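Chemist:
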């Protein structure tokens, strides 16, 4: 890549996407952050995403409102459903949001193609994760193939590249890499059911995986949990 | 399929999507229409889509607002660009909207999965078309593969099926089939630069292809053109 290459970073304000931003920045990309507001239970993560985009010198940060919650189908977007505690299981949990990463990446592709940006970074991970199908390498490979044949840039032989630097790392490895790149994880928010004061629940899937990561990394967990 | 199977129909209010709705209806599906408002130059097509959904007894019709126009990159969504007249060419014209069908189908997939709907119909056509890459069979096949591995239904072996009944038909064949299924093409709107009275320009890509279709079908063109 040339020094001036731009990259779009899908930035939720969580641990994984912030580390992904730090990685893209460390590789010399000029970063454009895109965050989505889609009826998730709280807006803390969007606020944090804005702050993190600033702290990693994103050249732009866009908040895109998309009506995912209008069709429901997930405990994360339907306030009548209860978000469950973490459980060891191979089943896809009810926090799965139908087609979420498909929709996020599709928007990012449209944005990238319209603006002449050739790279997209997404912090999906298929090791310490909730088992969502749209976080796995098979999905990313199929999505890449789809845009190779379904976009103008793709058919002209200059397809936009989807980067997934975290996909095969453990949560502990992600945290150690992020710290080496200057990520302050106290500023990131991962919990699926943050309370009104912005405190994490400690028990949901996302908290459990995050907490395990800090233990594995040998780093004090900087998360503010409910008492 | 059982008599009660539901299908989502991507319904723009144009000639192709209306014929696609008529086909799905004729096959016995209970049809759910989805239309998108994305900053296209006029809203006539959305109004027509509503009326057509009613006339083909859709059990639901949803209008989804999505901010595609915020990233620009197309003559259809950027009012500072002029929509060109039809030209014989192999180049992809500037009316191409980056990732439009990718985004539309992604939303439809989320909607279908959340609501337990197994079929999506889209009126893409790769014969009499503007050369958009996201209208071709290669794209649809790659999109199908992507959702087979990227959705919960897909990995559970019950993937949502994308139907493209028009993909290899000429415009004349589409019109003849639609008429046999009761489509009143006077109610459909295809023009890229409809005027304020809802009259079609006669000269854009979409008008040229539509007009050619009526000639080929041997049917009087019911479109209201500007004088």
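Protein chains in written order, with the working numbering: chain A, 171 to 397; chain B, 171 to 397. From the three backbone atoms N, C-alpha and C, an ideal C-beta is built for every residue, glycine too. Note that this is a predicted model, so its numbers are computed, not measured.
Between residue 239 of chain A and residue 314 of chain B, what straight-line distance do the alpha-carbon atoms span, to the nearest angstrom?
Modeler: Using only the alpha carbons, I get a separation of about 23 Å.
Chemist: Expressed to the nearest angstrom, what Euclidean distance is found between the alpha-carbon atoms of residue 389 of chain A and residue 382 of chain A?
Modeler: 10 Å
Chemist: Can you tell me the Cα-Cα spacing of residue 229 of chain A and residue 178 of chain A, whole angstroms?
Modeler: 10 Å
Chemist: One question on the structure: do residue 222 of chain A and residue 380 of chain A come within less than 9 Å of each other, judged by their Cβ atoms?
Modeler: no
Chemist: Sorted by chain position, which residues of the same chain lie with C-beta nearer than 8 Å to residue 328 of chain B's C-beta, five sequence neighbours on each side aside?
Modeler: The beta carbon of residue 328 of chain B is closer than 8 Å to those of 288 in its chain, skipping five residues each way along the sequence.
Chemist: Return the residue from the list A:325, A:349, A:262 and A:237 that minimises the CA-CA distance to residue 384 of chain A.
Modeler: A:349
Chemist: Along chain B, in chain order, which residues have C-beta atoms closer than 7 Å to that of residue 262 of chain A?
Modeler: 322
Chemist: Mapping the DSSP letters down to three states, classify residue 205 of chain B as helix, strand or coil.
Modeler: strand
Chemist: What are the uninterrupted segments assigned as beta strand (DSSP E) that are 3 or more residues long and contained completely in the segment 264–304 of chain B, given in chain order?
Modeler: Here the runs fully enclosed are 289–291.
Chemist: Straight-line CA distance for residue 278 of chain B to residue 334 of chain B?
Modeler: Using only the alpha carbons, I get a separation of about 14 Å.
Chemist: Does residue 245 of chain B have its Cβ less than 9 Å from a Cβ in chain A?
Modeler: no
Chemist: Give me the chain A residues within the contact set of residue 269 of chain B, using Cβ-Cβ distance strictly less than 7 Å, ordered along the chain.
Modeler: 276, 279, 280, 283 and 321
Chemist: Can you have a look at residue 202 of chain A and say buried or exposed, based on whether 16 or more other CB atoms are within 10 angstroms of its CB?
Modeler: buried
Chemist: In chain B, which residues lie less than 7 Å from residue 325 of chain A when you measure between Cβ atoms?
Modeler: Chain order gives the chain B residues near residue 325 of chain A as 303, where near means a beta carbon separation below 7 Å.
Chemist: To the nearest whole angstrom, what separates the beta carbons of residue 294 of chain B and residue 336 of chain B, a pair I think is in contact under 8 Å?
Modeler: With a beta-carbon spacing of about 7 Å, residue 294 of chain B and residue 336 of chain B fall inside the 8 Å limit used to define contacts.
Chemist: Can you tell me the Cα-Cα spacing of residue 182 of chain A and residue 205 of chain A, whole angstroms?
Modeler: 6 Å
Chemist: By alpha-carbon positions, which one of B:371, B:190, B:372 and B:366 ends up nearest to residue 213 of chain B?
Modeler: B:366
Chemist: Got a sec, what are the start and stop residues for the alpha helix (DSSP H) residue 311 of chain B sits in?
Modeler: 307–320
Chemist: Could you give the distance in angstroms between the alpha-carbon of residue 232 of chain A and the alpha-carbon of residue 343 of chain B?
Modeler: 44 Å
Chemist: I want to see whether chain A comes within less than 9 Å of residue 240 of chain B, judged by CB atoms only; does it?
Modeler: yes
Chemist: Only counting the same chain, and skipping five residues up and downstream in sequence, which positions put a Cβ closer than 7 Å to that of residue 297 of chain B?
Modeler: If we look at residue 297 of chain B and ignore the five residues flanking it on each side, its Cβ neighbours are 338, 339 and 340.
Chemist: Identify whether residue 366 of chain B lies in helix, strand or coil by the three-state DSSP scheme.
Modeler: coil
Chemist: Take residue 364 of chain A as the anchor and find which of A:245, A:215, A:265 and A:307 has the nearest alpha-carbon.
Modeler: A:215
Chemist: Counting pairs of Cβ atoms below 8 Å between the segment 262–271 of chain B and the segment 266–274 of chain A, do you hit three or more?
Modeler: The segment 262–271 of chain B vs the segment 266–274 of chain A: no contact.
Chemist: Can you tell which of B:347, B:192, B:194 and B:356 has the C-alpha that lies nearest to the C-alpha of residue 148 of chain B?
Modeler: Coverage of chain B is limited to positions 171 through 397, which leaves residue 148 of chain B absent and any answer about it impossible.
Chemist: What three-state label does DSSP hand residue 374 of chain B in the structure shown?
Modeler: strand
Chemist: Shortest alpha-carbon distance to residue 208 of chain A belongs to which of A:225, A:189, A:242 and A:194?
Modeler: A:242
Chemist: With C-beta atoms as the reference, is residue 322 of chain B less than 9 Å away from residue 283 of chain B?
Modeler: yes
Chemist: Does the segment 247–256 of chain A come close enough to the segment 369–376 of chain A that 3 or more CB-CB pairs lie under 8 Å?
Modeler: yes
Chemist: Name the chain A residues whose beta carbon is nearer than 8 Å to that of residue 316 of chain B?
Modeler: 272, 309, 312, 313, 315 and 316
Chemist: Give me the Cα-Cα distance between residue 347 of chain B and residue 368 of chain A, rounded to the nearest whole angstrom.
Modeler: 58 Å
Chemist: Please work out which residues of its chain come closer than 6 Å, Cβ to Cβ, to residue 306 of chain B, disregarding the five sequence neighbours upstream and downstream, and give them in chain order.
Modeler: 296
Chemist: Where residue 299 of chain B and residue 394 of chain A are concerned, what is the direct C-alpha to C-alpha distance, given to the nearest angstrom?
Modeler: 56 Å
Chemist: In whole angstroms, what separates the C-alpha of residue 320 of chain A from that of residue 187 of chain A?
Modeler: 26 Å
Chemist: Who are the neighbours of residue 235 of chain B on chain E, taking C-beta pairs under 7 Å?
Modeler: Included in the structure are the protein chains A and B, with no chain E among them.
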